[in-house]
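A quick write-up on the structure given underneath.
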DNA sequence: GACAGAATCAAACAGGTGTTTAGAATGGAT
DNA sequence: ATCCATTCTAAACACCTGTTTGATTCTGTC
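Protein chains in written order, with this note's numbering: chain E, 71 to 292; chain U, 71 to 292.
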């Protein structure tokens, strides 16, 4: 019912930003429904009514968080691939592309603070959507897929559109699984097995995927 | 508005079983926290107190559901691989193994009723655990992984334990992603793209993974 | 200093949660 | 017909939820 009090509020001491940060952390950790407005406000050192005053409700706060983060993450993932494509000199190899995407995908996870939170948020949202159903596909999944798919086709001539799309599927599937597993395993208190370490797995996914793509391309040619 | 004698269908259809069925469906659809005991009981045509009487609480009902299903699913996934291994005649090829596991993994999803519910339940539990943290690893993930890992090594001599474990990771990651995506896409109302159809994707995953595994095994030999 | 608007606060609101209770049916076995 | 354990029922319990309210403090402008 009220207008946005301050649209930008750069300084980190605004209550509005403290609420956003606290909510982001809690939503990622416990999920939307499981996080109460009281938790958020006390965590941010604010009053219970602060969420409704600044955002007009719990749902809007949630939406605001995604709006703030999605664009940045998408750009981060596609930019490396695009950069490779338009780079001067020789055309990037298949391994170049897969490697660039893999590190771009996994990089936000290496720092344990911010990246993990975002991934967790996204995973939760995909399983229990509280956002408009199409928003995720249009703003995140489709652009990233498109970008990687085109890059693969430029490096592997003869790869059809459908084949490229499925290979993208395979790569992303592996990467998402790596993320989920690392989260689950550490949470379950199991000491991480060295053969499934994040960096080791990144190398593996690259080699595995390059082999897989070549197999797909090769068998279709015959 | 309660006891309807024509509601019964099965011999073992005491309210206890009706509660289990209703809860399983609702937990899968909306998640544990988001499903209320009142919903479960009214869906099962029972009194609100029935859950606490028969199971001693909402949590125990949830645990009971998994206890009932997990063993069966695990057996279903490992048995096909084991059968291949101990089959008379020539040793199964790499493609045989990956193919058998893929279809065993995806099969419960082809029938749209029961299998989907179970997958949904598991996906939710992995993201927001309400069960003892280790139960899932010990009763489901580890045995399946072990079984597939050994099978791969028997078909691809020279594949180390660590490499096999990572390849299993890659395969399962792809399959889980196929499942999630199919769920998300149909839920979002998008008409399924034919190149990402379940059967087509199954074939793709097999070829992609065989190529990937061979690449891993080949590069390690050099 | 005076004033307006933004920001914060404690308290209460209406509604939903899982669980407990005491009492009433039910179905066999004696 | 009596008894007893099992099963079911309606009502209440204590607690937590997101949101609203009306008053109070803070902040910047004239």
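Note that beta-carbon positions come from the ideal geometry of N, C-alpha and C, so glycine has one too.
With C-beta atoms as the reference, is residue 102/U less than 7 Å away from residue 200/U?
-> As a working mapping, residue 102/U is identified with position 32 in the second chain. As a working mapping, residue 200/U is identified with position 130 in the second chain. Against a cut-off of 7 Å, the Cβ pair of residue 200/U and residue 102/U comes out as a contact.
Taking only the alpha-carbon atoms, compute the straight-line gap between residue 128/E and residue 135/U and give it to the nearest angstrom.
-> Walking along the first chain from the start, residue 128/E turns up at place 58. Walking along the second chain from the start, residue 135/U turns up at place 65. Near 32 Å, if we compare the C-alpha coordinates of residue 135/U and residue 128/E.
Would residue 239/E be called buried (16 or more neighbouring beta carbons within 10 Å of its own) or exposed?
-> Translated into the one-based positions of the first chain, residue 239/E becomes position 169. Result: buried.
Buried or exposed by the 16-neighbour rule on C-beta atoms within 10 Å, applied to residue 106/U | Translated into the one-based positions of the second chain, residue 106/U becomes position 36. Flag for residue 106/U reads exposed.
Going along the chain, which unbroken runs of the alpha helix (DSSP H) with 4 or more residues stay wholly within the stretch 112 to 170 of chain E?
-> 120 to 125 and 128 to 155
Considering only residues of the same chain and omitting the five flanking positions on each side of residue 283/U, which have a CB-CB separation below 7 Å?
-> As a working mapping, residue 283/U is identified with position 213 in the second chain. These residues qualify, in order along the chain: 164, 222, 226 and 237.
Which of the residues in the stretch 99 to 110 of chain E, read from start to end, lie with their CB under 7 Å from any CB of chain U?
-> 101, 103 and 104
Considering only residues of the same chain and omitting the five flanking positions on each side of residue 207/U, which have a CB-CB separation below 7 Å?
-> To locate residue 207/U, count along the second chain from 1; it is residue 137. Nothing meets the Cβ criterion.
Compare the C-beta of residue 292/E with all C-beta atoms of chain U and state if any pair is closer than 7 Å.
-> As a first step, residue 292/E must be located in the first chain, where it is residue number 222. Residue placement at residue 292/E cannot be trusted, given a pLDDT of 47 that sits under 50; what the coordinates show is reported in the next sentence. So no, residue 292/E is outside the interface.
Once you ignore the five residues that flank residue 213/E on each side, which residues in its own chain have a CB closer than 8 Å to its CB?
-> Locating residue 213/E in the first chain gives position 143, counting from the first residue. Excluding sequence neighbours, residue 213/E sits near 144 and 148.
For residue 102/E, does the three-state DSSP call read helix, strand or coil?
-> Here the question's residue 102/E lines up with position 32 in the first chain. If DSSP states are grouped into helix, strand and coil, residue 102/E belongs with coil.
So which residues on chain U does residue 193/E lean against when the C-beta distance must stay under 7 Å?
-> Looking up residue 193/E in the first chain gives position 123. Neighbours of residue 193/E on chain U, chain order: 197.
Should residue 120/E and residue 111/E be called a contact, given that it needs their Cβ atoms to be closer than 7 Å?
-> Mapped onto the first chain, residue 120/E falls at position 50. Mapped onto the first chain, residue 111/E falls at position 41. In contact: residue 120/E and residue 111/E (Cβ atoms closer than 7 Å).
Residue 201/U by DSSP, collapsed to three states: which one?
-> The residue given as residue 201/U occupies position 131 in the second chain. Three-state DSSP puts residue 201/U in coil, outside helix and strand.
Residues of the stretch 134 to 155 of chain U with a CB closer than 7 Å to any CB of chain E: list them in chain order, please.
-> none
Hey, how far is the Cα of residue 76/E from the Cα of residue 194/U?
-> By 1-based counting over the first chain, the position of residue 76/E is 6. By 1-based counting over the second chain, the position of residue 194/U is 124. Because the pLDDT of residue 76/E is 36, which lies under 50, any placement of that residue in the model is unreliable, and the number read from its coordinates should be weighed accordingly. Straight-line Cα distance between these residues: approximately 38 Å.
Assuming residue 263/U and residue 286/E form a contact by the criterion Cβ under 8 Å, report the distance between their Cβ atoms to the nearest whole angstrom.
-> Position 193 of the second chain, counted from the first residue, corresponds to residue 263/U. Position 216 of the first chain, counted from the first residue, corresponds to residue 286/E. The pair is not a contact, with the Cβ atoms about 17 Å apart (cut-off 8 Å).
For chain U, find out if any of its Cβ atoms is closer than 7 Å to the Cβ of residue 216/E; answer yes or no.
-> Residue mapping note: residue 216/E aligns to position 146 of the first chain, counting from 1. Chain U, which has no Cβ nearer than 7 Å to the Cβ of residue 216/E, makes this no.
Three-state secondary structure assigned by DSSP to residue 84/E | By one-based count along the first chain, residue 84/E stands at place 14. Correct three-state label for residue 84/E: coil.
Look at the Cβ atom of residue 197/E, then the Cβ atom of residue 197/U, and state whether they are nearer than 7 Å.
-> For the purposes of this step, residue 197/E is taken as residue 127 along the first chain, with counting starting at 1. For the purposes of this step, residue 197/U is taken as residue 127 along the second chain, with counting starting at 1. Taking 7 Å as the Cβ cut-off, residue 197/E and residue 197/U qualify as a contacting pair.
Mind checking which residues open and close the alpha helix (DSSP H) that includes residue 212/U?
-> By one-based count along the second chain, residue 212/U stands at place 142. Residues 212 to 225.
Might you give, ordered along the chain, the residues of its own chain that have their beta carbon closer than 8 Å to the beta carbon of residue 96/U, omitting 5 neighbours on each side?
-> Locating residue 96/U in the second chain gives position 26, counting from the first residue. Closer than 8 Å at the Cβ level, and outside the excluded window around residue 96/U, lie 105, 109, 110 and 113.
Identify, in the order they occur along the chain, each residue of the same chain with its Cβ nearer than 8 Å to the Cβ of residue 130/U, setting aside the five sequence neighbours on each side.
-> Sequence index remark: in the second chain, residue 130/U carries index 60 (1-based). No residues qualify anywhere along the chain.
Taking the Cβ atom as the reference point for each residue, do residue 224/U and residue 234/U lie within a distance shorter than 7 Å?
-> Locating residue 224/U in the second chain gives position 154, counting from the first residue. Locating residue 234/U in the second chain gives position 164, counting from the first residue. Not in contact: residue 224/U and residue 234/U (Cβ atoms no closer than 7 Å).
Can residue 170/E and residue 188/E be called in contact, C-beta distance under 7 Å?
-> The sequence position of residue 170/E within the first chain is 100, counting from 1. The sequence position of residue 188/E within the first chain is 118, counting from 1. Their beta carbons are not under 7 Å apart, which means residue 170/E does not touch residue 188/E by this criterion.
Below 8 Å on the Cβ atoms is my guess for residue 245/U versus residue 175/U; work out the distance and round it to an integer in Å.
-> The residue labelled residue 245/U in the question sits at position 175 within the second chain. The residue labelled residue 175/U in the question sits at position 105 within the second chain. Confirmed, Cβ separation roughly 5 Å.
Run the CB neighbour count on residue 82/U, radius 10 Å, all protein chains shown included, and call it buried at 16 or more, exposed below.
-> Locating residue 82/U in the second chain gives position 12, counting from the first residue. Any answer about residue 82/U is weak, because its pLDDT of 44 lies below 50 and its placement is not dependable; what the coordinates show is given next. With fewer than 16 other Cβ atoms within 10 Å, it is exposed.
With distances taken between CB atoms, is the gap from residue 243/E to residue 243/U smaller than 7 Å?
-> By one-based count along the first chain, residue 243/E stands at place 173. By one-based count along the second chain, residue 243/U stands at place 173. For residue 243/E and residue 243/U, yes; Cβs fall inside 7 Å.
What does a CB cutoff of less than 8 Å around residue 90/U pick up in its chain, not counting 5 residues either side in sequence?
-> One-based indexing of the second chain puts residue 90/U at position 20. Closer than 8 Å at the Cβ level, and outside the excluded window around residue 90/U, lie 131, 134, 135 and 138.
Look at the alpha carbon of residue 256/E and the alpha carbon of residue 159/E, and state the distance between them as a whole number of angstroms.
-> Position 186 of the first chain, counting from 1, holds the residue named residue 256/E. Position 89 of the first chain, counting from 1, holds the residue named residue 159/E. So the two alpha carbons sit approximately 43 Å from each other.
Name the chain U residues whose beta carbon is nearer than 7 Å to that of residue 279/E?
-> Along the first chain, read from residue 1 onward, the residue named residue 279/E stands at position 209. Correct list: 282.
With 7 Å set as the bound, which would you pick, yes or no: does the beta-carbon of residue 200/E sit closer than that to a beta-carbon of chain U?
-> Locating residue 200/E in the first chain gives position 130, where the first residue counts as 1. With 7 Å as the cut-off, residue 200/E does not count as an interface residue toward chain U.
Buried or exposed (CB count within 10 angstroms, at least 16 for buried), residue 202/U = By 1-based counting over the second chain, the position of residue 202/U is 132. Exposed.
Does the distance from the C-beta atom of residue 270/U to that of residue 172/U stay below 7 Å?
-> Stepping through the second chain from its first residue, residue 270/U is reached at position 200. Stepping through the second chain from its first residue, residue 172/U is reached at position 102. No, these two residues do not count as a Cβ contact at 7 Å.
Report yes if the C-beta of residue 184/E is less than 6 Å from at least one heavy atom of the ligand ZN; otherwise report no.
-> The model depicted lacks the ligand ZN and carries no ligand whatsoever.
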